[in-house]
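Notes for the one structure printed next.
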Amino acid sequence: MAKGTERLFIGRQRELGILREYLTARSASLLVIKGRRRIGKSRLIEEFSKALRTIYFLGLAPEEKITAEDQRRHFANQLEKQIGLGGLEAGDWDDLFGHLSAHTKTGQVLVVFDEINWMGSKDATFLPKLKTAWDAALSKNPQLIMILSGSMAGWIEKNILSSTGFFGRIALDMTLEELPLQQCSLFWGTYAKQISAYEKFKVLSVTGGVPLYLELIRPELSAEENIQRLAFRREGFLYNEFDRIFSDLFSRKKAIYRSIIEQVALQPRAEMEIFKGLGQTPSGTISEYLEELVSTGYLARDYTWNLKTKKATKQSSFRLCDNYLRFYLRYIEPKRELIRKSGSITAPEWYTIMGLQFENLVLNNRPLLYRLLGLDLNEIEYDNPYFQTKTKARHGCQIDLLIQTKFNTLYLCEIKFSKNEIGASVIQEVEEKIKRMVLPRGFSVRPVLIHVNGVTADLEEAGFFSHIIDFGQMFNSNG
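Structure, rendered in structure tokens:
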């Protein structure tokens, strides 16, 4: 792997530790790392590869005119540069894998196939021949580690993890998620302790816990200044990022994937509501697209459940869990042409979506929340955004996050964003939700309020909430 200017490596210590366990394995190891674009797969592999002899391959992004032969030629070019040979034939994967095997027979060596879904998407022989090369030669070196990495988790699941060809061969299946909040805070460096939780939240409401976006922060600048230079300037990374994501991941199908994202941009929606919004009749194809967006980490599918039986129901909603995509659609896209013409504009206030962004950050950091609530993960039977549909016999209700424990206790979490302190009026809102819930006999409800800008004295004095959690506490918690 190419070694450029040394970059600070933040977070991912747990994942790095897991990878390092394979350095002392007694046999060759075939590892899978998946996760959405920009989530830090390549950066993690780069850190792991330090001090290792590494042969690294990156697939070509799937432009319409890119052919299977182009992928082989690109692979051959990369191999030539790294093993010091020239004139390699790119007509067949068998030959290419043969050369790779010949140069990795002995000694500790790391072989990386990055964006493997790009390499194999247009050639049905790619994976079978890679499997054959692994069985026949690569796995014979007990000190060899091969990492297969990619952004299309659904493709990897179908073609590698669930493939009979690779059955019993995968030693590790790792999925990278957004960085937890306490690691996000480290990107502010020496400024971290001086900057308020609200200031950090304003940045994270745009970037989420995506490492590459956080690397672009200039800690000495305010949240508004950072977002202006990244999103509302023609040269800003986040100005063009939306198109890059959809072109790289979804290629010719990017229009339909984009339309689906737009359907859930402002609120979670059930599958049938999405079909209706798209003007489509229910079909397996659209359902597959939805599942692909879930597997790649851009959507979450939240199932509700039966409180009494503790089993999931068929009712679910799709939630946009990527903060950047929502921010782009709501604020950058409407101003794209103006930004293009003028070069840059002043960043608008983005308060109207902060409630949704705040919910995402809390939901993506549940282990930190559970620690603050004093909950052991083994106690939790079910946790998710919860919704109760309206029928003739009951009212409907929606709860930001409901945690059900094995002791029949329900932690009803109200995730409330406000620019100002939250007052006692929120008590009535939560009381109404509790009143609407159909609770099994013997269940207790403990209301929890999660806020970012403080609460009023009368709210605290009311003693209604069992826990009032300041978002800032989650930056200091170790979940």
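The opening position of the sequence shown corresponds to residue 1455 in my numbering, with each subsequent residue numbered one higher.
Backbone N, C-alpha and C fix where the C-beta goes; we use that ideal spot for every residue, glycine too.
- Message: Considering only their Cβ atoms, is the gap separating residue 1898 from residue 1863 smaller than 8 Å?
- Response: As a first step, residue 1863 must be located in the sequence shown, where it is residue number 409. As a first step, residue 1898 must be located in the sequence shown, where it is residue number 444. Yes, the pair counts as a contact, with Cβ atoms nearer than the cut-off.
- Which residues in the same chain have their Cβ closer than 7 Å to the Cβ of residue 1620, if we skip the five residues on either side of it in sequence? By 1-based counting over the sequence shown, the position of residue 1620 is 166. Result list for residue 1620: 1585, 1614, in chain order.
- Query: Do three or more CB pairs link the segment 1593-1604 to the segment 1559-1569 at distances below 8 Å?
  - Reply: Yes, the segment 1593-1604 is in contact with the segment 1559-1569.
- Item | Where residue 1606 falls, given that 16 or more other Cβ within 10 Å makes a residue buried | By one-based count along the sequence shown, residue 1606 stands at place 152. Label assigned to residue 1606: buried.
- Message: So within the segment 1627-1666, which uninterrupted alpha helix (DSSP H) runs reach at least 4 residues, ignoring any that extend past its ends?
- Response: The segment 1627-1666 is shown to contain whole alpha helix (DSSP H) runs of 4 or more residues at 1635-1638, 1651-1661, in chain order.
- Less than 8 Å between the CB atoms is what I'm expecting for residue 1842 and residue 1890, so what's the real figure, rounded? Taking the first residue of the sequence shown as 1, we reach residue 1842 at position 388. Taking the first residue of the sequence shown as 1, we reach residue 1890 at position 436. Contact holds; Cβ gap of about 7 Å.
- Query: What is the residue span of the beta strand (DSSP E) that residue 1511 lies within?
  - Reply: Position 57 of the sequence shown, counting from 1, holds the residue named residue 1511. It spans 1507-1512 - the beta strand (DSSP E) in which residue 1511 sits, taken as one unbroken run.
- If you count every other CB in all the chains shown that lies within 10 Å of the CB of residue 1505, and 16 or more means buried, which is it? Locating residue 1505 in the sequence shown gives position 51, counting from the first residue. Around the CB of residue 1505, fewer than 16 other CB atoms lie within 10 Å, so the residue is classed as exposed.
- Alpha carbon to alpha carbon, what distance is there between residue 1814 and residue 1594? Stepping through the sequence shown from its first residue, residue 1594 is reached at position 140. Stepping through the sequence shown from its first residue, residue 1814 is reached at position 360. Residue 1594 and residue 1814: Cα-Cα distance of roughly 45 Å.
- Query: Any idea which residues DSSP pairs residue 1863 with across the strands?
  - Reply: Stepping through the sequence shown from its first residue, residue 1863 is reached at position 409. Per DSSP, 1898.
- Query: Less than 8 Å separating the beta-carbons of residue 1811 and residue 1790?
  - Reply: Here the question's residue 1811 lines up with position 357 in the sequence shown. Here the question's residue 1790 lines up with position 336 in the sequence shown. Cβ atoms of residue 1811 and residue 1790: not closer than 8 Å.
- Check each candidate in 1826, 1696, 1518 and name the one with the smallest Cα separation from residue 1785. Sequence index remark: in the sequence shown, residue 1785 carries index 331 (1-based). When only C-alpha atoms are compared, the closest one is 1696.
- What is the residue span of the alpha helix (DSSP H) that residue 1816 lies within? As a first step, residue 1816 is located in the sequence shown; it is residue number 362 there, counting from the start. Per DSSP, residue 1816 belongs to the alpha helix (DSSP H) from 1808-1817.
- Message: For residue 1604, report the span of its beta strand (DSSP E) as first-last.
- Response: Working through the sequence shown from its first residue, we reach residue 1604 at position 150. Note, residue 1604: beta strand (DSSP E), 1598-1604.
- Quick one: give me the first and last residue of the alpha helix (DSSP H) that residue 1682 is part of. Counted from its first residue, the sequence shown places residue 1682 at position 228. 1677-1685 is the span of the alpha helix (DSSP H), which, as asked, contains residue 1682.
- Message: Suppose only complete runs of 4+ residues qualify. What are the alpha helix (DSSP H) ranges in the segment 1759-1798, listed by chain order?
- Response: 1777-1781, 1790-1796
- Query: Sorted by chain position, which residues of the same chain lie with C-beta nearer than 6 Å to residue 1905's C-beta, five sequence neighbours on each side aside?
  - Reply: Within the sequence shown, the letter at position 451 stands for residue 1905. Excluding positions up to five away in sequence, the list reads 1870, 1876.
- Task: Check whether the Cβ atoms of residue 1487 and residue 1676 sit closer than 8 Å, and answer yes or no.
- Result: Counting from one through the sequence shown, the residue named residue 1487 turns up at place 33. Counting from one through the sequence shown, the residue named residue 1676 turns up at place 222. At least 8 Å separates the beta-carbon of residue 1487 from that of residue 1676.
- Query: Thinking C-alpha only, which one of 1856, 1767, 1570 is nearest residue 1824?
  - Reply: Residue numbering aside, residue 1824 sits at position 370 when the sequence shown is read from its first letter. It is 1856.
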